[in-house]
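In my numbering, the protein residues as written are 14 to 298.
In this text, a Cβ means the ideal position worked out from N, Cα and C, and glycines have one as well.
These notes are about the structure you will find just below.
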């Protein structure tokens, strides 16, 4: 099983996580910009963060044989803080850098006018820089937030095939499927989606334009949820090609639109990966 986690916040994770991810088959990932938990109070704190994503975190992942890419943006939550508005002016220089494969996370948190403006401006940046956009849907009023998201995407002129609408669930997936955008699902221990619900959605909607991520962050989360979803798919009757499509080929297709993916030529999983899969199943390697 080879895995490309299309949305994971490794800044919040340990080197032990990288080691376990490699053993589970993770070979590449995208780390989007997000709220760190502690409010940032100036533009400089963002530029330091972006520099770390582009430099240090890529190096750290590489030590474990994982290709690290990132997406940069002013996240929806902090778009409401006027002290952070200047981030929109410095983004263009980061969007031009190698390894930056999308604008994101953009979207809504509380659906304020400030979030509307930041979202629209960053979709314009995606158009201007020829990059895909990774969109965060709000945790509250998710159906309304998703509908508003799709309206703004249509107004932006960014083609739907270059937009990934993330954090979906059973109540929001239909609208995004019908829009032509890519559908993203975050698999968590207690919140958002779990593996069994994800398998049910794949049975209903198929595997096209579907991305599954762990979105692992500083809260209770699990960077191996992509792997566990792959096992659940196999247990649920999907074959290895289906798993490879959802966990590898789909992320490569979506982020490949940036022209900046840095992937090793590894068509087959290594023996070490299979050993890791056995360990994670509770079997002997």
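In the three-state scheme derived from DSSP, where H, G and I count as helix and E and B as strand, residue 194 is classed as coil. For residue 182, there is no enclosing alpha helix (DSSP H), as DSSP gives it neither H nor E. With fewer than 16 neighbouring CB atoms inside 10 Å of its own CB, residue 202 falls in the exposed class. Around the beta carbon of residue 106, a 10 Å sphere encloses fewer than 16 other beta carbons of the protein chains shown; the residue is thus reported as exposed. For the stretch 23-52, the continuous beta strand (DSSP E) assignments of 3+ residues that do not extend past its boundaries occur at 39-45, in sequence order. Around the Cβ of residue 130, a 10 Å sphere holds fewer than 16 other Cβ atoms; the residue is exposed. Residue 76 is classed as exposed because its beta carbon has fewer than 16 other beta carbons within 10 Å across all chains shown.
CA-to-CA, the gap between residue 122 and residue 149 works out to about 8 Å. Per DSSP, residue 118 lies in no alpha helix (DSSP H); the unbroken beta strand (DSSP E) holding it starts and ends at 113-120.
For the 9 Å CB-CB criterion, residue 109 and residue 264 do not form a contact. As computed with DSSP, residue 84 is found in a beta bridge with 45, 115.
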